[in-house]
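In mature numbering (1 follows the signal peptide of the UniProt record, and there is no 0), the protein residues as written are -20 to -1, 1 to 417. The beta-carbon is built from N, C-alpha and C at its ideal position, and this holds for glycine as well. The block underneath contains the structure these notes are about, expressed in structure tokens.
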Amino acid sequence: KWIFYFKLILLLCRRWRLFCSSSSEEEMPQPSVLRHLTAKIKATGPISVAEYMREVLTNPVTGYYVRNNMLGPEGDFITSPEISQIFGELIGVWIVTEWISAGRPKRLQLVELGPGKGSLAEDVLRVLGQLRSVLSHCSVSLHLVEVSPALSGLQALRLTGGSAQENQNHHDPVYRQGLTSTGLPVCWYRSLDDVPEGFSIFVAHEFFDALPIHKFQRTQSGWREMMVDIELENPDKLRFVLSPSPTLASTALVQEGEGRSHVEVCAEGGVIVQQLSRRISEEGGAALIADYGHDGTKTDTFRGFKGHRLHDVLASPGSADLTADVDFSFLRRMAGDGVACLGPITQRVFLKNMGIDTRMQVLLRNCVDASIRKQLINSYDALTNPDRMGERFHFFSLLHLSRLATPPNTTPPEGLTLQKKTPAAPPVAGFTELSFS
Ligand SMILES: C[S@@+](CC[C@H](N)C(=O)[O-])C[C@H]1O[C@@H](n2cnc3c(N)ncnc32)[C@H](O)[C@@H]1O
């Protein structure tokens, strides 16, 4: 039931994307998001929250992500890679340690989902450049999955100095490509299934929280889906309503025995995790997912952000970011048995395990400028303080099963001494406390 529903959703999304991108967007007058949504609701009835979110965020013409550069102090929200370069550098170290633990494969695809302004990728590439001698026999390439032409333009400028070329063949899944300033091939795609197969390390930072969620409410008549409708007295305003009968989504997506009275399910996130899981188990690699979220305990987390403040999710759609906490227990369930899942653990613990304190000490030791020292300390605090991002954000990982394999039983038969012990699988950086000497 799940798989059928997910595939259906994926198919609909793809059709919608192909249909929309074939029209000449520049020549069309740009309807306001609200007008577009109310016309749709008038034509077909109330829409699901997932459809609302998808239209508002990633509609190819009017979508919030498609048109805006919303990241940073001047925008609507700020993310960890934008706060400090240390964040991306530690992710770079994580990628290299996982590549080494996988036996140093000859090819490494770095795949980032939703790269925003490209800051995380830039910091990761700097680390790879510094570790050039370690990676000397490996062919590394960068693959960015991004729906937003505005943001992919910024990423290209940042990572390739503007030398990346847009692909004029609109049927090619690679819509832009070039060489990074460190000489690595980089390609842009709209969807994960366009990224070539092969050993890959996937990174998704604040990506899953931007994917559409369905919302369900327990009622006396059973589970009902929350929908978005037009207000009765004011046709320029939207409101939430409950669907009067079960929908395909409420029947397929609410788990049997669910104990909460309200649940949010990100079916698209489930499909993506299933894809990651299959790729990792068949081709090798790992995925690192970092986001704010919970382990299947929270209920209503759908919210909007505008100018760094909370914003009514239904007010002036398209002018604010929409987001929902990631349910890591759902992602774990969707990953299945083909991979090992680690986490979620808090950002504070992950970064400390990755050695953020040691890195900070080195930076502070080499920094004489008082204002830069202050900035370094403030960004460290923002990333690790439990009251700021330290405990709100979590890290979760999908690993190849061999990665956590316990060594065969090394207890020798009585009276026999083993000459050599089979080494245990190396610890997974970030998820295990490492000692730095
Ligand atoms: C909240 S931003 C995070 C940006 C960046 N990872 C960071 O942490 O700074 C979400 C990113 O995902 C992209 N995005 C959102 N929905 C997407 C989708 N369905 N497919 C691909 N990219 C998507 C957005 O355009 C944006 O780059």
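As for any beta strand (DSSP E) of minimum length 3 sitting wholly inside the region 239 to 291, the runs are 242 to 245, 265 to 274, 283 to 286, 289 to 291, ordered along the chain. At a cut-off of 7 Å, the beta-carbon of P224 does not count as near ligand 1: no heavy atom of the ligand is closer than that. Per the C-alpha coordinates, the member of T160, Q197, M207, E69 positioned closest to L294 is M207. F411 carries a coil assignment under DSSP once its states are collapsed to helix, strand and coil.
According to the DSSP assignment, M207 belongs to no alpha helix (DSSP H) but to the beta strand (DSSP E) extending over 202 to 210. Where R339 is concerned, the enclosing alpha helix (DSSP H) starts and stops at 336 to 345.
Annotated as distal: V253 and L212, with beta-carbon spacing of 8 Å or more. Residue pairing by DSSP places Q89 opposite S121, S180 in a beta bridge. Looking at the backbone, the Cα of S382 and that of L268 are separated by about 17 Å. CA-to-CA, the gap between P192 and V348 works out to about 46 Å.
Per the DSSP secondary-structure output, Q157 pairs in a beta bridge with Q145, C167.
By the Cβ-count criterion, N346 is exposed, with fewer than 16 other Cβ atoms from all chains shown falling within 10 Å of its own Cβ. Taking a contact to require three or more Cβ pairs closer than 8 Å, the region 187 to 202 and the region 234 to 249 qualify as touching. Taking 7 Å as the cut-off, one finds no heavy atom of ligand 1 near enough to the beta carbon of E244.
Just measuring C-alpha positions, the residue of V13, R204, G25, P26 sitting nearest A229 is R204. For R372, the secondary structure class from DSSP, reduced to helix, strand or coil, is coil. Around the beta-carbon of I181, 16 or more other beta-carbon atoms lie within 10 Å, marking it buried. In its chain, beyond the 5 residues on either side, I66, E69, L70 have a beta carbon closer than 8 Å to the beta carbon of R339. For H123, the CB stays at least 7 Å from every heavy atom of ligand 1. By the Cβ-count criterion, E177 is exposed, with fewer than 16 other Cβ atoms from all chains shown falling within 10 Å of its own Cβ. DSSP, reduced to helix, strand and coil, places K22 within a helical segment of the structure shown. In the three-state reduction of the DSSP assignment, K354 falls in the helix class.
Sorting R112, P95, E102 by C-alpha distance to the C-alpha of Y169 places P95 at the top. Residue environment for V342: exposed (fewer than 16 other C-beta atoms within 10 angstroms of its C-beta). Burial state of G249 is buried, judged by a 10 Å Cβ sphere holding 16 or more other Cβ atoms. Taking a cut-off of 8 Å for Cβ pairs, the region 272 to 281 and the region 298 to 314 touch, as three or more such pairs fall below it. Under DSSP, T199 shares a beta bridge with G202. The beta carbons of G264 and F179 sit closer together than 8 Å.
The three-state reading of DSSP puts V221 in strand, counting E and B together.
Per DSSP, D361 has no beta-bridge partner at all. In the structure shown, the three-state DSSP call for F67 is helix. Short note on V127: C-beta closer than 7 Å to some heavy atom of ligand 1. In this structure, V125 lies near L172, with their beta-carbon atoms less than 8 Å apart. The continuous beta strand (DSSP E) containing T303 extends over residues 301 to 303. No heavy atom of ligand 1 is found nearer than 7 Å to the CB of P297. For D317, the closest alpha carbon among the candidates S223, G202, R258 is that of R258.
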